[in-house]
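*Asks:* Below you will find the structure I want to go over with you.
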Amino acid sequence: MEDLEVLTEHLHLVSEREPRIAERVYERLFKYHPPLRELFGDHAAAVQQDMLNETLVGVVDSLEGMAGLESNLQLLGAKHAEFKVCDEMYGWWTESVVEVLSEASGSDWNERLEHLWRERMNYLCTLMRQGARKTS
-6 MEDLEVLTEH
4 LHLVSEREPR
14 IAERVYERLF
24 KYHPPLRELF
34 GDHAAAVQQD
44 MLNETLVGVV
54 DSLEGMAGLE
64 SNLQLLGAKH
74 AEFKVCDEMY
84 GWWTESVVEV
94 LSEASGSDWN
104 ERLEHLWRER
114 MNYLCTLMRQ
124 GARKTS
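Residue numbers for the sequence shown follow this note's numbering, so the first one is -6 and each next one is one higher.
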C-alpha cells in the first residue's frame, strides 16, 4: 500500500475512534509545555479543532503534491513568527500529535505509521520554519 493510502486510511480510522483528537492534542501540548497556552490566546476549541484538521489534511496533501501547499505553509510559518513561535515549538507540536495519534490507534499503531506521520509532520514544520526565517 502506498504512503498516501496508508495515511488516508489511518486518518479516517483515528477520526472515527477519537472524535476529541484536537482537544487531546492541545491538552497534551499544554500539559508538557504550559507557556504555549498563552500563544493560543482566546482561540476556542472549535478554532483549535480546525487548525489541527488542516494540519492533518496538510500531511495527506503533502503526499499528493497539492499546488500551493508549500507557499501556504511558508506564509503560515511567517504568521507563527509574529507570535514568537520558535523552532523548538514545532517539535513539541509534532510530538503531541504523534503521541495522540498513537494512543487513538491502539493496536493498529505500527512503526510505519509512526515513521510516516513524523516524516510528514517534520516536512510541514520545515516549510513553516522557512517562512518564519524569511520574515526575520
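Even glycine gets a Cβ: it sits at the ideal position worked out from N, Cα and C.
Model, not experiment: these values are computed from the prediction.
Taking all protein chains shown into account, do 16 or more other C-beta atoms lie within 10 angstroms of the C-beta of H73, making it buried, or fewer, making it exposed?
*Replies:* Its Cβ being crowded by 16 or more others within 10 Å, H73 is buried.
*Asks:* DSSP on V78, reduced to helix/strand/coil?
*Replies:* V78 falls in the coil class under three-state DSSP.
*Asks:* Out of curiosity, what's the CA-to-CA distance linking L106 and E75?
*Replies:* For L106 and E75, the distance between alpha carbons rounds to 33 Å.
*Asks:* Name the residue from R122, R126, V91 and A71 whose alpha carbon lies nearest to the alpha carbon of H3.
*Replies:* Nearest of R122, R126, V91 and A71 to H3, Cα basis: V91.
*Asks:* Quick check: the Cα distance between L(-3) and G58, rounded to an integer number of angstroms?
*Replies:* Cα to Cα, the separation comes out at about 11 Å.
*Asks:* What's the call for C118, buried or exposed, on a 16-neighbour Cβ count within 10 Å?
*Replies:* Flag for C118 reads buried.
*Asks:* What residue range is occupied by the uninterrupted alpha helix (DSSP H) comprising W110?
*Replies:* Its alpha helix (DSSP H) spans residues E104 to T128.
*Asks:* For Y83, collect the residues of the same chain with a Cβ closer than 6 Å to its Cβ; drop the 5 residues on either side in sequence, then sort them by chain order.
*Replies:* Excluding sequence neighbours, Y83 sits near C118.
*Asks:* Report the option in K127, S100, A125 and L94 whose CA atom is closest to the CA atom of T48.
*Replies:* Per the Cα distances, L94.
*Asks:* Hey, L120 and V78: beta-carbon distance below 8 Å or not?
*Replies:* No, Cβ-Cβ distance for L120 and V78 is not below 8 Å.
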